[in-house]
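So the sequence shown is residues 10 to 315, counted in this note's numbering.
Where a beta carbon is used, it is the ideal one built from N, C-alpha and C, also for glycine.
Down below is the structure, laid out as structure tokens.
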Amino acid sequence: MKRDLLFAYLALVAICIIWGTTFLAMRMAVVDFPPFLFTIIRQLTAGSILVIFMLTIGKAKVPNKRYVLRQALAGFLMISVGNGFVAWAEVHIPSGIAAVICSFMPVVVILLNLAIQKDERPTVPIMLGVALGAVGIGLIFSEHLSDFAQPKYVMGIGMTLTAVFSWATGMIWMKKNSADSNPFLNAGLQMLFGGLWLIPFSLLFDDLHAIPWTTKTMLPLAYLIVFGSVIAYTCYSYALRKLPVTIVSLYAYVNPLVAVVLGWLVLDEKLNMRMGGAILLTIAGIYIVNRGYQLRNAWKAQLSHD
Numbered sequence: 010m011k012r013d014l015l016f017a018y019l020a021l022v023a024i025c026i027i028w029g030t031t032f033l034a035m036r037m038a039v040v041d042f043p044p045f046l047f048t049i050i051r052q053l054t055a056g057s058i059l060v061i062f063m064l065t066i067g068k069a070k071v072p073n074k075r076y077v078l079r080q081a082l083a084g085f086l087m088i089s090v091g092n093g094f095v096a097w098a099e100v101h102i103p104s105g106i107a108a109v110i111c112s113f114m115p116v117v118v119i120l121l122n123l124a125i126q127k128d129e130r131p132t133v134p135i136m137l138g139v140a141l142g143a144v145g146i147g148l149i150f151s152e153h154l155s156d157f158a159q160p161k162y163v164m165g166i167g168m169t170l171t172a173v174f175s176w177a178t179g180m181i182w183m184k185k186n187s188a189d190s191n192p193f194l195n196a197g198l199q200m201l202f203g204g205l206w207l208i209p210f211s212l213l214f215d216d217l218h219a220i221p222w223t224t225k226t227m228l229p230l231a232y233l234i235v236f237g238s239v240i241a242y243t244c245y246s247y248a249l250r251k252l253p254v255t256i257v258s259l260y261a262y263v264n265p266l267v268a269v270v271l272g273w274l275v276l277d278e279k280l281n282m283r284m285g286g287a288i289l290l291t292i293a294g295i296y297i298v299n300r301g302y303q304l305r306n307a308w309k310a311q312l313s314h315d
């Protein structure tokens, strides 16, 4: 395996684990802290750290206007909507459920790719793997059907679904428009602009009268800045540049598994035999999708060699 490809897969593993923990960390904070303001502080801090590091120690070139505008758009799709809306939703829905909904993102990516890009059309094994994973996630989700009677719960579900579609759109757009750019500077600028775009949302929808600057909210904030944003989002940008977009999107299958297990360990949330079976189904789906891509790439390589 080439060195760059190995690093890309290691980055993907880091994303799978770290972003699985961020749902719990976010839930612990936004129950008391204004969610959009929380996301603004997180992303502006993380983005500033990464941009300053890349332009100084990293010796990245100062970007031109067109480059900055591309990252600003990606930041709106993937950070402002993709992350900020989930933070708002977690005020009303459990972290595990938010993670479960976000796991449908690979399905959205594939559907969008089917309509946009012929050379990334999935094969039958890939579609089978996605379907199997979706069934597993659906079984996890079915444990919470009674909560749909609450209007705010339904609104939280809707906000999370909007975030999923926005993130998937941003993924595909960035894959097409970042081939020649620095993935680490990309990540910093996207976080920076993602935080800036959320300022109007915070002014309109957050309750800013009493902001609890407590250990309960600041510790999750620090964790999310360092690990959830600087480290994981950098890994994400690198993996997205080096790997097929549908492979990168598989992190969304693993995230809910991590979130559900953490919820069980930390918050004593439900983890029964049915959910255990659902987790196994999801893992099987991940394997089949990866195997499908390996077979497709091997077949394409053989054709080009012949």
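Residue environment analysis places Tyr-247 among the buried positions, since at least 16 neighbouring C-beta atoms fall within 10 angstroms of its C-beta. Counting the other CB atoms within 10 Å of its CB gives Val-133 a total below 16, which places it among the exposed residues.
The alpha-carbon separation between Gly-301 and Ile-125 amounts to approximately 20 angstroms. For a cut-off of 8 angstroms, the C-beta gap from Arg-36 to Pro-103 is around 7 angstroms, short enough to register as a contact. Under the three-state reduction of DSSP, Ile-27 is assigned to helix. Apart from the 5 residues on each side of it in sequence, Thr-31 sits with its Cβ closer than 7 angstroms to the Cβ of Leu-233 and Gly-237 in its chain, given in chain order.
Thr-48 counts as buried, since at least 16 other C-beta atoms from the protein chains shown sit within 10 angstroms of its C-beta. Annotation for Ile-240: no alpha helix (DSSP H) segment contains it, and DSSP assigns it neither H nor E. Within 10 angstroms of the beta-carbon of Lys-74 lie fewer than 16 other beta-carbons, which makes it exposed. A straight line joining the alpha-carbon of Phe-214 with that of Phe-94 spans about 11 angstroms. Separation of the CB atoms of Ala-143 and Val-100 is rounded to 26 angstroms, and the pair is thereby denied contact status at 8 angstroms. Taken atom to atom, the span from the alpha-carbon of Leu-78 to that of Asp-156 is near 41 angstroms.
Put simply, the backbone Cα of Val-109 is about 10 angstroms away from that of Gly-29. Per DSSP, Met-136 is one residue of the alpha helix (DSSP H) stretching across 133 to 150. Burial state of Val-254 is buried, judged by a 10 Å Cβ sphere holding 16 or more other Cβ atoms.
Ranking Val-270, Cys-25, Val-298 and Pro-265 by CA distance to the CA of Ile-146 puts Pro-265 first. Residue environment for Ala-158: exposed (fewer than 16 other C-beta atoms within 10 angstroms of its C-beta).
Between Phe-202 and Gln-80, the C-beta spacing is below 8 angstroms. For Trp-206, the enclosing alpha helix (DSSP H) stretches over residues 192 to 206.
Following the DSSP letters along the chain, one finds Ser-57 inside the alpha helix (DSSP H) bounded by residues 44 to 64.
By the Cβ rule, the segment 38 to 48 counts as touching the segment 213 to 228, because three or more pairs are nearer than 8 angstroms.
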